[in-house]
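Single-structure report; data block below.
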Amino acid sequence: MGIEIHEDLGLKITGAPSLEQLHESVCYQLPPEDRRALGAVIECIEGIPCNPCETSCPQGAIIVGNEITNLPVVDLDKCTGCGICVAACPGLAIYLKKYLFKEDLAYIAFPFEYVPLPTEGQTIDMVDRMGSVVCQGTVLRVVKIKKNDRTAVIHVSYPNECYEQVVNMKRLPAV
Amino acid sequence: MMLEREIVVVGAGPAGLSAALEAARTGARVLLVDENSKPGGQLFKQIHKFFGSKDHQAGVRGIDIGTQLLKDAEDLDIEVWLDAEVCGIFNQSDVWIVRNREHTVNVRAKRIILATGAVENAVNFPGWTLPGVMGAGAAQTMINLHRVLPGERFLMIGSGNVGVIVSYQLLQAGGDVKAVVEAAPRLGGYGVHTAKVRRAGVPFYTSHTVLEARGTDHVESATIVQLDESWKPIAGTEKDLDVDTICIAAGLTPLVELAFAAGCAPVYSPLLGGMVPLHDRSMRTSIPSIYIAGDISGVEEASTAMEEGRMAGLCAAHSLGYVDEDTYTYGFAAAEGRMLALRSGMFGQKRRDAKAAIIAYNEG
Amino acid sequence: MRRIVEHPVLGALPESEMVRIIVDGEELWARKGEMIAAALMASGKQYFRKTIKVHEPRGIYCGIGRCTDCVMTVNGIPNVRTCITAVEEGMVIQTQMGYGAWNTQEGQ
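Protein chains in written order, with our numbering: chain A, 43 to 217; chain B, 2 to 365; chain C, 775 to 882.
What follows is the structure, encoded as structure tokens:
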């Protein structure tokens, strides 16, 4: 189409939060590179009345508080990376990440509500917040359990040089 | 023939169902009528998980909330008439209903709760009458209720929650959303909704609108254009899009005809969609026997519609003597609390203020 | 314009009894109980009627029975809102020209 819309313009222009907006927000925390376990990352930076992230966490690692418009904050010390919040968030705004999966690969587990689902072992395109493909990933697990009410959680390894950029996968073409 | 009922609820969407359930639980005898052949209003098209707290059934998909409401209505043995169009309300109590498009029934009701919802607004531009131009809600109905994709390549006009949620649902249905245009300089919907659509590769164009749609028997292409600060198209910024469907998500207007025909006093609320019936904190209009709930009282969302329905149902039943004072006081406060929680934050506060203004005007 | 066979939330399209309808003289199979407009759109029909003076094509607009953009002549009865009327076995559906006519002979 020819029109370049730069991600820096931010959430209310591009539709996606810019990295600057995320870094400024109380909720977004990229798990440090030396962290061993997966950590929940929340990209919900507007105060909307919503708290399933808090109520779904069995460790009490996510705090919203009495005012349910508060932004959620993850206590990474309590977070075990179980991923329950990933499917519980109605806004699909949470994923798990880890920098050190193996060798030079990072790990992400993200919510996905499309068909077809990828299969274990498949190589897929990974996208950033603007939907641009930035690298490829390998599907490690596709979790689709009744408790998650039709929100699949896809576990993928991808080059850790794209650690912060990657948030989801490019949708697969229809079968 | 004139039948008699205690409470007649008009509209079996989330507001009407909630009102009927709340009233029926107190022991009041409720008749719930809806012009459609299936109940649920717009609820059964909301396949996404709702926000809010546990009190508001956060995390539950709209369709499942709807199924539960219907089951509760069945368990409570509420009388439901479908294919029943309410054509008028006389003497503040007599409800004229046409059943199955065939015969008239008049029902004298002690209390009436109007939950007739809202209708999508239209935006016109050259070519807008072509098949393929439709409301965003129409596209949502086709994909989520009828399971038919109404086109292949979509242009969405409007970035409020309806526009972005339907864009997401079009992607889920296998559609290719080419762009979302928003005339204002900033996107209107929640950031988490726009983020889902953006990371699926759909571009948003703020300060843009549709210039025209072209095609012979159906939409074949469209042109969008950038707007300046005075909302005028900027020459030279036209962009052609290969689309066969254009969805218009330009807001909703409350369906208030029955309320005004019945004589309810109006008030103008631009934020909530236009002329709405004046009401007090118990959702009672200027006519003591008539209550309202849901989008008819101001356009918000399904969650607030259900809370208003519960409030109207409780208060209507209480006014007939079905609720003791303690239960009423507690229930009223709880309902207000749940509504307040939803009307909070950067998006909800404005609606809270608009609602408060209506109530203040009513008291003033 | 097609039926959605697989859906991440709604699941697979369930099997359905099919009914035979006649659209502008041609036989079409539709899912029992589905709305006429849905059946026609699934079959790829581009427009449902043409306006009286300038013969412009029209299809659905609101989709919920309020705007009347989608009307067609069904079993000889004009101005039937196809978005809220279900198909029935043997139903005769015609692209409506203008206001249509109450003419059961023509309709069958």
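Even glycine gets a Cβ: it sits at the ideal position worked out from N, Cα and C. Predicted model only: the values in this text are computed from it and were never measured.
For this session: Count the C-beta pairs between the segment 154–165 of chain B and the segment 866–877 of chain C that are closer than 8 Å, then say yes if the count reaches three, no if not.
Result: no
Problem set entry | Close Cβ partners of valine 865/C (< 8 Å) along its chain, the five nearest in sequence each way excluded | Position 91 of the third sequence, counted from the first residue, corresponds to residue 865/C. The sequence given here places methionine at residue 865/C; valine does not occur at that position. Excluding residues within five positions, the ones whose Cβ falls inside 8 Å are Val793, Ile795, Ile796, Ile810, Val848 and Asn849.
Problem set entry | 9 Å Cβ cut-off: residues of chain B touching histidine 781/C | Here residue 781/C corresponds to residue number 7 of the third sequence, with the count starting at 1. Ile48, Ile144, Asn145, Arg148, Gln173, Ala174 and Gly175, listed in chain order.
Problem set entry | cysteine 86/A in three-state terms, based on DSSP | Numbered from 1 along the first sequence, position 44 holds the residue referred to as residue 86/A. Coil, per DSSP.
Problem set entry | Beta-carbon proximity check, leucine 115/B vs leucine 259/B, cutoff 7 Å | Counted from its first residue, the second sequence places residue 115/B at position 114. Counted from its first residue, the second sequence places residue 259/B at position 258. Closer than 7 Å, so yes.
Problem set entry | Option in Asp76/B, Ala251/B, Ala16/B and Glu75/B with minimal Cα separation from alanine 137/B | On the second sequence, residue 137/B is found 136 positions in, with the first residue counted as 1. Among Asp76/B, Ala251/B, Ala16/B and Glu75/B, the Cα nearest to that of alanine 137/B belongs to Ala251/B.
Exercise. At least one CB of chain C closer than 7 Å to the CB of arginine 192/A: is that the case?
Worked result: Looking up residue 192/A in the first sequence gives position 150. Yes, its Cβ sits closer than 7 Å to a Cβ of chain C.
Exercise. Is DSSP giving threonine 165/A helix, strand or coil here?
Worked result: Counted from its first residue, the first sequence places residue 165/A at position 123. DSSP places threonine 165/A in strand when its eight states are reduced to three.
For this session: Examine the ligand GDP and report whether any of its heavy atoms sits within less than 6 Å of the Cβ of glycine 833/C.
Result: The ligand GDP is absent from the structure shown, which contains no ligand whatsoever.
Exercise. Which residue spans inside the segment 245–329 of chain B form an unbroken alpha helix (DSSP H) run of at least 4?
Worked result: 258–263 and 303–320
Exercise. By DSSP, does arginine 192/A sit in helix, in strand, or in coil?
Worked result: Against the first sequence, residue 192/A aligns to sequence position 150. Of the three classes helix, strand and coil, the one that applies to arginine 192/A here is coil, per DSSP.
Exercise. By the 10 Å Cβ neighbour count, where 16 or more other Cβ atoms means buried, how is tryptophan 129/B classified, buried or exposed?
Worked result: Along the second sequence, read from residue 1 onward, the residue named residue 129/B stands at position 128. Counting Cβ neighbours within 10 Å, tryptophan 129/B comes out buried, since at least 16 surround it.
For this session: Using a Cβ cut-off of 7 Å (strictly closer), state whether tyrosine 156/A contacts chain C.
Result: By 1-based counting over the first sequence, the position of residue 156/A is 114. Closer than 7 Å: yes.
Exercise. Among Gln141/B, Glu183/B, Gly190/B and Val31/B, which residue has its Cα nearest to the Cα of alanine 812/C?
Worked result: Translated into positions along the third sequence, residue 812/C becomes position 38. The shortest C-alpha separation from alanine 812/C is found at Gln141/B.
For this session: Pull up the distance between the alpha-carbon of serine 199/A and that of leucine 214/A, whole angstroms please.
Result: As a first step, residue 199/A is located in the first sequence; it is residue number 157 there, counting from the start. As a first step, residue 214/A is located in the first sequence; it is residue number 172 there, counting from the start. Approximately 17 Å between the Cα atoms of the pair.
For this session: Could you name the residues of the segment 157–182 of chain A whose beta carbon sits closer than 7 Å to any beta carbon of chain B, in the order they occur along the chain?
Result: Val169, Arg171, Met172 and Gly173
For this session: Along the alpha helix (DSSP H) that carries cysteine 177/A, what are the first and last residues, could you check?
Result: Here residue 177/A refers to the residue found at position 135 of the first sequence. Run containing cysteine 177/A: none in the alpha helix (DSSP H); it sits in the beta strand (DSSP E), 175–185.
For this session: Identify which residue in Glu23/B, Val108/B and Leu4/B has its Cα closest to the Cα of glycine 89/B.
Result: In the second sequence, residue 89/B corresponds to position 88, counting from 1. Of the candidates Glu23/B, Val108/B and Leu4/B, the one whose C-alpha sits nearest the C-alpha of glycine 89/B is Val108/B.
Exercise. Within 10 angstroms of its Cβ, does serine 98/A collect 16 or more other Cβ (buried), or is it exposed?
Worked result: In the first sequence, the residue the question calls residue 98/A occupies position 56. Buried, by the Cβ-count rule.
For this session: Classify arginine 352/B as buried or exposed, calling it buried when 16 or more other Cβ atoms lie within 10 Å of its own Cβ.
Result: Here residue 352/B is taken as the residue at index 351 of the second sequence, counted from 1. So arginine 352/B counts as buried.
Problem set entry | Closer than 7 Å to chain B by CB, tyrosine 821/C | By 1-based counting over the third sequence, the position of residue 821/C is 47. When Cβ-Cβ separations below 7 Å define contact, tyrosine 821/C makes contact with chain B.
Exercise. Which residues does DSSP pair with valine 163/B in a beta bridge?
Worked result: Translated into the one-based positions of the second sequence, residue 163/B becomes position 162. Beta-bridge pairing links valine 163/B to no other residue.
Exercise. Quick one, which of Ser817/C, Val845/C and Ile858/C has its alpha-carbon nearest leucine 146/B's?
Worked result: Here residue 146/B corresponds to residue number 145 of the second sequence, with the count starting at 1. Of the listed residues, the one whose Cα sits closest to leucine 146/B is Ile858/C.
Problem set entry | Spatial neighbours of arginine 183/A in its chain, beta-carbon cut-off 6 Å, leaving aside the 5 residues before and after | Reading the first sequence from its first residue, position 141 is the one you call residue 183/A. Same-chain partners within the cutoff: His197.
For this session: Within its chain, find whatever has a CB closer than 8 Å to the CB of cysteine 69/A; leave out the 5 residues flanking it on each side and keep chain order.
Result: Within the first sequence, residue 69/A is the residue found at index 27, counting from 1. Counting only Cβ-Cβ distances below 8 Å, and skipping sequence neighbours, we find Ile84, Glu85, Cys86, Ile87, Leu113, Pro114, Val115 and Val116.
Exercise. So, using beta-carbon positions, are serine 270/B and alanine 355/B closer together than 7 Å?
Worked result: Taking the first residue of the second sequence as position 1, residue 270/B is located at position 269. Taking the first residue of the second sequence as position 1, residue 355/B is located at position 354. Taking 7 Å as the Cβ cut-off, serine 270/B and alanine 355/B qualify as a contacting pair.
Problem set entry | N- and C-terminal bounds of the alpha helix (DSSP H) containing leucine 814/C | By one-based count along the third sequence, residue 814/C stands at place 40. Per DSSP, leucine 814/C belongs to the alpha helix (DSSP H) from 810–816.
Problem set entry | Listed by chain order, chain A residues near lysine 197/B by CB distance under 7 Å | Taking the first residue of the second sequence as position 1, residue 197/B is located at position 196. Near lysine 197/B (Cβ distances below 7 Å), the residues of chain A are Leu134.
Problem set entry | Per-residue burial, threonine 217/B [other beta carbons within 10 Å of its own, 16 or more giving buried] | In the second sequence, the residue the question calls residue 217/B occupies position 216. Its Cβ having fewer than 16 others within 10 Å, threonine 217/B is exposed.
Exercise. At least one CB of chain B closer than 7 Å to the CB of valine 209/A: is that the case?
Worked result: For the purposes of this step, residue 209/A is identified with residue 167 of the first sequence, where counting begins at 1. Answer yes: the Cβ-Cβ gap between valine 209/A and chain B drops below 7 Å somewhere.
Problem set entry | Own chain residues within Cβ distance below 6 Å of methionine 43/A, not counting five before or after | For the purposes of this step, residue 43/A is taken as the residue at position 1 of the first sequence. Unreliable positioning characterises methionine 43/A in this predicted model, as indicated by a pLDDT of 42, which lies under 50. A coordinate reading is not provided.
Problem set entry | Whether valine 181/A touches glutamine 164/A by CB criterion (7 Å) | Within the first sequence, the letter at position 139 stands for residue 181/A. Within the first sequence, the letter at position 122 stands for residue 164/A. Going by C-beta atoms, valine 181/A is nearer than 7 Å to glutamine 164/A.
Exercise. Do the segment 15–22 of chain B and the segment 304–322 of chain B make contact, defined as three or more Cβ pairs closer than 8 Å?
Worked result: yes
Exercise. What number of angstroms, rounded off, separates the C-alpha of valine 87/B from the C-alpha of valine 34/B?
Worked result: The residue labelled residue 87/B in the question sits at position 86 within the second sequence. The residue labelled residue 34/B in the question sits at position 33 within the second sequence. Distance between the alpha carbons of valine 87/B and valine 34/B: 8 Å.
Exercise. When DSSP builds the beta bridges, which residues end up paired with aspartate 177/B?
Worked result: Taking the first residue of the second sequence as 1, we reach residue 177/B at position 176. Bridge partners of aspartate 177/B: Arg154/B.
Exercise. Leucine 212/B by DSSP, collapsed to three states: which one?
Worked result: Here the question's residue 212/B lines up with position 211 in the second sequence. Three-state DSSP puts leucine 212/B in a strand.
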